[in-house]
Amino acid sequence: MVTAELEEYSYSLRWIFDDDEQHELNAKTLLKSEQALISFIYDIAKQFEFSLEIKVSAREEGSLKSSFKIFWQKNKDQILISTIPSVITIVLTAFFSQLQEPKSTDLEREKFVIELQENVNNGTLTQEQVETYFENFSSISKYQTAFFKANKADKEVSGIEVKQEVTVTATIPSEDFDNYIFQKQNNDTIIQNAKVYIISPVLVTGIQKKWTGEYEGENIRFYVKDKEFLEKSQNKVISFNTGFFIICEIRKITNITDGKEQIIWEISEVTNYGTDEEHIFKHNTSRNTKNKVVVGQLSLFSE
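Counting from 1, one number per residue, gives the positions in the sequence shown under this note's numbering.
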């Protein structure tokens, strides 16, 4: 039984069918949908340090309707109490809005989240800040994709209606479900004759870990896939001094998952190496065994 010490916020989901007389829904569709949305709300509540409890009310027909109530305890912190309903409203609105590209990839998550929490505590949190958090740092696309994939797979579902408190805030027909399903994006770029300064090589034989280097003024971490160069490095055939660089083929792999960009760097092939422009040495591999050593090379990197 709900006591007077609790605040509440209600929302409901209504599944629409082509047959107005249908009031049944596939159990998998129902469970996957509710789990995705509820898990997302709890995920955000944990991040914002809200203590919430979600309860489901008796189901209703028409076509099939699930009603939920979110409860939180009253306390002396009136700023927090006034903030929670606003955040829940934005959470639900964002969940049933079409996926957008992140506004920024330059934000520092830890710094931004600390600022966000401070704004929650002092009552200055803005809708724009919450939306920025969703678009850049939350896992909204993961939960949103799970919700709409489940409903897309159910051919009986012709639409979803969302009500927040007493207002219908979204009605989404099934033909639009794809707009809410995140498609993983991969983009591979091959860069020839790239110059990478080695900062921290991995010189333990047999260890497959990322090296650290500098490429076009940016520190990057990368795997060395050139087996012969890797073996010579780890067997101390090649020495690494200050200013050591390689001329190589780089593979830049850009993955976008759940709206977040991840870049993986791989050194596919090393063609040359050195410590200054006057003394650049060829790296003879099985792919360029006919290459000859540059005239004037010193013995510093002789193999």
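No residue lacks a Cβ here, since even glycine has one placed at the ideal position from N, Cα and C.
All values derive from a computational prediction rather than experimental measurement.
Among the options, nearest to residue i - alpha-carbon criterion
i, options, result
"Asp178", "Tyr273, Thr93, Ser97, Ile207", "Ser97"
"Asp154", "Glu135, His283, Ile280, Lys32", "Lys32"
"Val202", "Gln192, Lys163, Leu230", "Leu230"
"Phe182", "Glu135, Arg59, Asn272, Val237", "Glu135"
"Ser139", "Ile280, Thr167, Ala45", "Ala45"
"Ile198", "Ile84, Gly206, Gly123, Val224", "Val224"
"Gly123", "Phe137, Glu161, Thr83", "Thr83"
"Lys152", "Glu5, Lys111, Trp15", "Trp15"
"Ile250", "Ile263, Ile238, Asn241, Thr242", "Ile263"
"Ile191", "Lys252, Phe48, Leu64", "Lys252"
"Lys111", "Thr93, Leu92, Ser158, Phe137", "Phe137"
"Asp276", "Lys209, Lys195, Trp211", "Lys195"
"Ile220", "Asp226, Glu266, Thr89", "Glu266"
"Lys69", "Leu92, Lys236, Gln208, Gln47", "Leu92"
"Tyr133", "Ile90, Phe222, Glu161", "Ile90"
"Gln117", "Ile280, Ser141, Gln47", "Gln47"
Helix, strand or coil at residue i according to DSSP, with G and I counted as helix
i, result
"Lys69", "strand"
"Glu34", "helix"
"Asp178", "helix"
"Leu92", "helix"
"Ser104", "Its pLDDT being 48, under 50, Ser104 is placed unreliably by the model, and the measurement read from it follows with that caveat. DSSP places Ser104 in coil when its eight states are reduced to three."
"Arg109", "helix"
"Ser82", "helix"
"Lys252", "strand"
"Asn187", "strand"
Residue environment, residue i, which counts as buried when at least 16 other CB atoms sit within 10 Å
i, result
"Gln73", "exposed"
"Thr189", "exposed"
"Ala36", "buried"
"Ala150", "buried"
"Thr205", "exposed"
"Asn193", "exposed"
"Ala58", "exposed"
"Glu5", "exposed"
"Glu269", "buried"
Residues bridged to residue i [DSSP beta-bridge criterion]
i, result
"Ala45", "BP columns for Ala45 are empty, so no partner."
"Gln192", "Per DSSP, none; premise fails for Gln192."
"Ile54", "Ile70"
"Phe245", "Tyr197, Gly274"
"Glu214", "Tyr197, Asn219"
"Ile114", "Answer is none; Ile114 lacks a bridge partner."
### Task
Evaluate contact between the segment 3-13 and the segment 119-136, counting only Cβ atoms and requiring at least three cross-stretch pairs below 8 angstroms.
no
### Task
Count the CB pairs spanning the segment 35-53 and the segment 166-183 that are closer than 8 angstroms, and state whether there are at least three.
no
### Task
Inspect the CB distances between the segment 159-169 and the segment 20-28 and report whether three or more fall short of 8 angstroms.
no
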